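Undergrad:
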Amino acid sequence: MLSAATQLRTSRYNFHVPVEDGAILYNTRTAALLQFRGPDALALTKSLCAIETSIPPGVLTVDVVDTLQKGGFIISPYFDEVAEIRTLFQHARHETPMVLTLTTTMDCNLGCYYCYEQRSADQLTYAQLPSILEHVRTRLAQSHRQALHVDWYGGEPLMNLAFMEQASRQLQALCEHLSIAYTASIISNGTC
Ligand code: SF4
């Protein structure tokens, strides 16, 4: 934990937005957001947006330092933000699930006026299941991912429930065989 007496540095990821009664400070690395009000708000947030600027000890109170530090707006001079983001990026590339979106059918039982789908009778069939499984197996092997996430999509995916149930069972069996995790979600209008 840093204190007001510790040498500090502004984050290179701080941005400020003037608003009616002050300013908003936002950090794109941590997604933290603070609202400042009063006549000094804009000047303060502007100074915190000066990239990697040293803040002499004692300029800010302990409470302010604590709040700004929790949001990642000010950091230790020894903390490498770019390295941190690089690590998160590598983690996301290699350790997040492989995502497979399966459009079980282009058909839908509704007709929302804003719908951009070409609603038709086209749908996935059992005959396509082996090639889907082979595609998943190959991509998992290439990517070395340790999890598969299936996103059931449409049209209205539940209008091809029989395919969904069979494909779901076989995809889960494949994941179990490969010792990787399986999760799924569905985009549905919820009326079936
Ligand atoms: S529920 Fe979805 S797919 Fe169906 S008509 Fe509405 S927007 Fe289109």
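What the sequence shown shows, in my numbering, is residues 26 to 217, in sequence order. Beta carbons: idealized from backbone N, C-alpha and C, even for Gly. Quick caveat, the model's predicted, so the values are computed rather than measured.
1) Have a look at M189 and Y141 and give me their C-alpha separation to the nearest angstrom.
2) Could you have a look at S193 and say whether DSSP puts it in helix, strand or coil?
3) Measure the CB-CB distance between Q191 and Y139 and report whether it falls below 8 Å.
4) Cutting at 6 Å between CB atoms, please list the residues of its own chain near T208, excluding the five before and the five after it.
5) How about E190: is its Cβ closer than 7 Å to a heavy atom in the ligand SF4?
6) Answer yes if the segment 123 to 139 comes into contact with the segment 57 to 71, meaning at least three C-beta pairs across the two stretches below 8 Å, and no otherwise.
7) Along the chain, where does the beta strand (DSSP E) containing T126 start, and where does it finish?
8) Beta-carbon within less than 7 Å of G63's beta-carbon, same chain only, minus the 5 sequence neighbours each way: which residues are those?
9) Relative to the ligand SF4, what is the chain-ordered list of residues with a Cβ closer than 7 Å to any of its non-hydrogen atoms?
10) Note down the Cα distance separating L93 from G83, rounded to an integer number of angstroms.
11) What do you get for R118, buried or exposed, if any count of 16 or more other CB atoms within 10 angstroms of its CB means buried?
12) Please confirm whether I99 and L58 have their CB atoms less than 8 Å apart.
13) Could you tell me which residues DSSP puts in a beta bridge with D176?
14) Rounded to a whole number of angstroms, what is the C-alpha to C-alpha distance between C217 and L135?
15) Can you have a look at R162 and say buried or exposed, based on whether 16 or more other CB atoms are within 10 angstroms of its CB?
16) Find the nearest neighbour of A172 within the set P81, L199 and D147, judged by alpha-carbon distance.
17) Measure how close the beta-carbons of L149 and N185 come, nearest whole angstrom, since I'm counting them as under 8 Å.
TA: The structure says:
1) 23 Å
2) DSSP places S193 within a helical segment (H, G or I) once states are collapsed to three.
3) It is not a contact, given that the beta carbons lie outside the stated cut-off.
4) Cβ within range, chain order: H174.
5) E190 has its Cβ no nearer than 7 Å to any heavy atom of the ligand SF4.
6) Too few Cβ pairs lie closer than 8 Å, so no.
7) M123 to T128
8) Hits under 7 Å: G47.
9) C133, L135, G136, C137, Y139, C140, E142, R144, G179, G180, E181 and N214
10) 14 Å
11) Per the 10 Å Cβ criterion, exposed.
12) no
13) T126 and S210
14) 10 Å
15) exposed
16) L199
17) Their Cβ separation, rounded to whole angstroms, is 7 Å, which keeps L149 and N185 in contact under 8 Å.
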